[in-house]
Amino acid sequence: MNNVDWDNIRYFLAAARTRSLSAASRALDSNQPTVGRRIDALEAQLGLRLFQRHSTGLTLTEDGQRLLAAAELMEAGAADVVRASQRDTNSIAGTVRIAAPEGLGVSVLTPSLPELCKRYPLLDVVLEPAVTSSDLKRGQADIALRLFKPADADLISRRLCEMGFGLYASADYLARQGTPESVDALQQHAFIAYGDELKEQEENAWLEAIMGRGRCLFRSDNTLARLSAITAGMGIAVMPHLLMAAQSGCVRILPQIEGPSRTIWLVVHGDLRHVARIRVVMGFVSELFQESVLQETGSR
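Residue numbers for the sequence shown follow the working numbering, beginning at 1 and rising by one.
This is the structure:
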């Protein structure tokens, strides 16, 4: 164990978590042959078989499961060391990793980042895909926007705002198919809905309840894919007002009917909440979302 290349452990962790060489390569911004070679090298160093390889992916062996538990403890310990070193810095400089759902990250957060960088030119902002609570604890993100409040005691959550939902379609679609003036009229229209993994979300269940016999032409769990389908004129979808406020080619339908709402939480590891650069970015994100909610409320 003393001669283990610890960088190989990083590849092992990615493969163990994704259960796939190709998915691990994407997570590491690497390539599949490199991930495979790294794992082969680690197995040779340890004299252990860590994975069973199948046509459908990877399965951890018993030795692999034991190594995963030890490797995650080492990873968490390394993240603790980094956080401890960060607690004492007061400089508004360095990297801040923000994790957010793709729709909020791309459509709401990203357009405002130039202003943040103008205020704090020594900041380096990295936008990550949405992460889990364990990813925050491992230091893979500093701040996260979440659509539920994590229960982990090591994480601090601040309620940002309520994100309301409504019905939207492109102006081109409405020009072709007409604008529904009542809930009953929705049954004559085409719809865009969530995919299999998210179909039980409250806003999607609401959409499917009111669309009645309307035909669903497109489904996706990806918010940006649904937005693309809307702008392409495929049909009507339930979308967050925050996201749609910037979509000039889209129109809200039946504004008197309000869909469900979701709470947006700003989450940070407790060890980082007093770090100067983390604190100012949290303040900026809070200000941004509060202003965005006020603007979209006023535009309804």
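Even glycine gets a Cβ: it sits at the ideal position worked out from N, Cα and C.
Checklist entry - If we ignore side chains and look at the alpha-carbon of each, how far apart do residue 192 and residue 201 end up? => result Against the sequence shown, residue 192 aligns to sequence position 192. Against the sequence shown, residue 201 aligns to sequence position 201. Each residue's alpha carbon lies about 14 Å from the other.
Checklist entry - Of all the options 170, 126 and 150, which has the alpha carbon lying nearest to the alpha carbon of residue 249? => result Counted from its first residue, the sequence shown places residue 249 at position 249. It is 170 whose Cα lies nearest to the Cα of residue 249.
Next on the checklist: If I measure Cβ to Cβ from residue 95 and keep anything under 7 Å in the same chain, skipping five residues before and after, which residues do I get?
Outcome noted: Along the sequence shown, read from residue 1 onward, the residue named residue 95 stands at position 95. For residue 95, where only same-chain residues beyond five positions count, the Cβ hits under 7 Å are 124 and 126.
Next on the checklist: Assess contact between the stretch 99-108 and the stretch 25-40, defined as three or more Cβ pairs (one per stretch) separated by less than 8 Å. Is contact present?
Outcome noted: No, because fewer than three Cβ pairs between the stretch 99-108 and the stretch 25-40 fall closer than 8 Å, the two stretches do not touch.
Next on the checklist: Distance check for residue 243 and residue 104, CA to CA, integer angstroms please.
Outcome noted: Locating residue 104 in the sequence shown gives position 104, counting from the first residue. Locating residue 243 in the sequence shown gives position 243, counting from the first residue. The alpha-carbon atoms of residue 104 and residue 243 are separated by roughly 7 Å.
Checklist entry - Going by beta carbon distance, what residues of the same chain come within less than 7 Å of residue 18, once the five residues before and after it are set aside? => result If you number the sequence shown from 1, residue 18 lands on position 18. These residues qualify, in order along the chain: 24 and 27.
Next on the checklist: Given this structure, state the Cα-to-Cα distance separating residue 89 from residue 261, to the nearest angstrom.
Outcome noted: In the sequence shown, the residue the question calls residue 89 occupies position 89. In the sequence shown, the residue the question calls residue 261 occupies position 261. Because the pLDDT at residue 89 is just 47, under 50, the model does not fix this residue reliably, and the value given afterwards should be weighed accordingly. Approximately 38 Å, taken between the alpha carbons.
Next on the checklist: I'd like the ranges of any beta strand (DSSP E) spanning at least 3 consecutive residues and lying wholly in the stretch 124-200.
Outcome noted: 143-146, 155-170 and 190-193
Item to check | 8 Å Cβ cutoff met for residue 73 and residue 63 | outcome: Within the sequence shown, residue 73 is the residue found at index 73, counting from 1. Within the sequence shown, residue 63 is the residue found at index 63, counting from 1. No. Outside cutoff.
Next on the checklist: I'd like to know whether the C-beta atoms of residue 92 and residue 267 end up nearer to each other than 8 Å.
Outcome noted: Counting from one through the sequence shown, the residue named residue 92 turns up at place 92. Counting from one through the sequence shown, the residue named residue 267 turns up at place 267. No, they are not a contact pair.
Next on the checklist: Please state whether the Cβ-Cβ distance between residue 51 and residue 42 is less than 8 Å.
Outcome noted: Reading the sequence shown from its first residue, position 51 is the one you call residue 51. Reading the sequence shown from its first residue, position 42 is the one you call residue 42. Against a cut-off of 8 Å, the Cβ pair of residue 42 and residue 51 comes out as no contact.
Checklist entry - Helix, strand or coil: which one does DSSP assign to residue 122? => result Locating residue 122 in the sequence shown gives position 122, counting from the first residue. It is coil, neither helix nor strand.
Item to check | Cβ contact check for the stretch 219-227 and the stretch 140-148: 3 or more pairs under 8 Å | outcome: The stretch 219-227 vs the stretch 140-148: no contact.
Checklist entry - Taking residue 204 as the reference, which of 194, 71 and 213 has the closest Cα? => result Counted from its first residue, the sequence shown places residue 204 at position 204. Among 194, 71 and 213, the Cα nearest to that of residue 204 belongs to 194.
Item to check | Contact under 8 Å by Cβ, residue 156 with residue 186 | outcome: To locate residue 156, count along the sequence shown from 1; it is residue 156. To locate residue 186, count along the sequence shown from 1; it is residue 186. Here residue 156 is not near residue 186, since their CB atoms are 8 Å or more apart.
Checklist entry - Relative to the C-alpha of residue 159, which residue among 10, 272, 6 and 282 is closest? => result One-based indexing of the sequence shown puts residue 159 at position 159. Comparing Cα positions, the closest option is 282.
Next on the checklist: Here's a check: name, in chain order, each residue in its chain whose Cβ is nearer than 7 Å to the Cβ of residue 146, leaving out the five neighbours to either side.
Outcome noted: On the sequence shown, position 146 is the one that residue 146 refers to. Here the set comprises 265 and 267.
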